[in-house]
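Protein chains in written order, with the working numbering: chain A, 535 to 706; chain B, 6 to 85.
What follows is the structure in C-alpha cells.
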C-alpha cells in the first residue's frame, strides 16, 4: 500500500515536471500553450533520462531533436519566402516567468499526454519520459513527426527504442 | 541561402503536408512576433485599449492574453 502510494507520488511529480517544463519551453519560444513538440522536448529533459536514452539508442540526442525542430520551422517558412530576423524578435520576448500551474496546453499536447498516460497505465508502471516518446512515435504529421523525419529517425525504430528504455527501467 | 527570390512562393496546395507545415510555422512565428511587439508596446506606454485596437481584438481579450506575460513598466500607478 505504502509502496503504491509512493509510486503514485513519483508519478505525480513526473507529470508536474513534464507539464511545467513543457509550458516553460513553449513560453520561451513565445507560444502561449505548449504543443506536442514542446511536450516531447520536456520529456527529453526529465531526470529519469529514458526519453533522451531512447534517442541516444538511435544515435541522436535531445539537443539534436530541438535543433531539428528549429531547422524544420526555418525551412517551412523559407519555402514561402518568409525569412524573419528571429534573434531580434526573441530579444524582445518577455522572460517566461514563473509557471502558472494551470497546465493549459493545445490539443496536440493534450492528445499526446493522454496517449502517454494511457500507455503507462496499461503497463501498470509509472509514467516516464520514454512513454511520451513512444506515444510521439505514433504521430504521423506535425512538427514532431517532421523533426524526427529530418533526423532520419524511423517511427517504428523510435517505438522500439522507447520500449527498450521503459523495459530497462522497469527491470532495473 | 543564395539568390533569394523576389517573389513569395506559396506552397502548392496539392502538397498539403508542406502547406500545413508552413501554416504551423507561420502561426508559431506570429505568436512570437505578437508577444514581442506587445511587450515593447507596453514598455513604451501603450494602453491595453490601443494594443487591442492595433491587433483587432477586444481590450478584454488583449488584457487576458498578455497582461500576465509581458514585463510591466516600473512606474505604473493607474489602471488602464
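Note that beta-carbon positions come from the ideal geometry of N, C-alpha and C, so glycine has one too.
Just so we're clear, the structure is a prediction, and the values are computed from it rather than from any experiment.
Option in the options with minimal Cα separation from residue i
i	options	result
residue 677 of chain A	A:576, A:642, A:551	A:642
residue 549 of chain A	A:637, A:699, A:645	A:637
residue 662 of chain A	A:563, A:594, A:697, A:631	A:697
residue 26 of chain B	A:611, A:658, A:552	A:611
Any C-beta of chain E under 8 Å from that of residue i
i	result
residue 631 of chain A	No chain E appears in this structure, whose protein chains are A and B.
Closer than 8 Å at the beta carbon, the chain B residues around residue i
i	result
residue 565 of chain A	33, 36, 37
residue 611 of chain A	27, 30, 31, 34
Partner residues on chain A for residue i, Cβ-Cβ distance less than 7 Å
i	result
residue 45 of chain B	626
For residue j and residue i, believed in contact at Cβ under 8 Å, the rounded distance
i	j	result
residue 667 of chain A	residue 592 of chain A	The pair is not a contact, with the Cβ atoms about 10 Å apart (cut-off 8 Å).
residue 640 of chain A	residue 567 of chain A	5 Å
residue 605 of chain A	residue 684 of chain A	7 Å
Listed by chain order, chain B residues near residue i by CB distance under 9 Å
i	result
residue 675 of chain A	22, 25, 26
residue 682 of chain A	None at all; the shortest Cβ gap to chain B is about 13 Å.
residue 607 of chain A	26, 29, 30, 33, 34
Beta-carbon neighbours of residue i, restricted to chain B and to distances below 7 Å
i	result
residue 687 of chain A	The contacting residues do not exist; residue 687 of chain A stays about 17 Å from chain B at best.
residue 618 of chain A	34
Minimum Cβ-Cβ distance from residue i to chain A less than 8 Å
i	result
residue 66 of chain B	no
residue 60 of chain B	no
residue 75 of chain B	yes
Contact with chain B by residue i, beta-carbon distance below 8 Å
i	result
residue 623 of chain A	yes
Contact set between residue i and chain A, taken where Cβ atoms lie within less than 9 Å
i	result
residue 41 of chain B	564, 622, 623, 624, 625, 626, 627, 628
Cβ contact check for the stretch 605-614 of chain A and the stretch 582-589 of chain A: 3 or more pairs under 8 Å: no
Cβ contact (3+ pairs, closer than 8 Å) linking the stretch 65-80 of chain B and the stretch 47-55 of chain B: yes
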